[in-house]
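Here's the structure we're looking at; comments come further down.
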């Protein structure tokens, strides 16, 4: 058995959870947040038999699209407040997709 943790964009969570549920794959949704883009994420916790890992990966690929996003590179000093009179620059980053961790499960019980 495997435990899959998938960190995805909040925008993709509804479609991904729906697609997993249609295939009778149980999923637990956890709220999380990312550091670089300072946006909310969703972490999906999915327990499946080894034979279904690739099926889950395919569902995540189909439902968690990568996007190019423009971000303002605003400096945040140690105090945490942005410096508003600073000459800001913008950068393009690729956001979305899924960051997936697949772990072996040594024991599983439903109590």
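Numbering (the UniProt record's numbering), first residue to last: 1 to 111. Yeah, the Cβ is synthetic: ideal placement off N, Cα and C, and Gly gets one too.
Spatial distance of residue i from residue j (CA atoms)
i, j, result
"residue 39", "residue 10", "9 angstroms"
"residue 17", "residue 107", "25 angstroms"
"residue 25", "residue 34", "26 angstroms"
"residue 109", "residue 23", "22 angstroms"
"residue 13", "residue 55", "17 angstroms"
"residue 20", "residue 60", "9 angstroms"
"residue 45", "residue 7", "9 angstroms"
"residue 29", "residue 4", "12 angstroms"
Neighbourhood of residue i by C-beta distance below 7 angstroms, restricted to the same chain and skipping five residues each side
i, result
"residue 2", "48, 50, 53, 102, 103, 104 and 105"
Under the three-state DSSP convention, the category residue i falls into
i, result
"residue 111", "coil"
"residue 57", "helix"
"residue 24", "coil"
"residue 34", "coil"
"residue 18", "helix"
Neighbourhood of residue i by C-beta, 6 angstroms cutoff - its chain only, sequence neighbours within 5 removed
i, result
"residue 15", "63"
"residue 32", "41 and 43"
"residue 97", "64 and 66"
Same chain, Cβ closer than 8 angstroms to residue i, five either side skipped, listed in chain order
i, result
"residue 57", "100"
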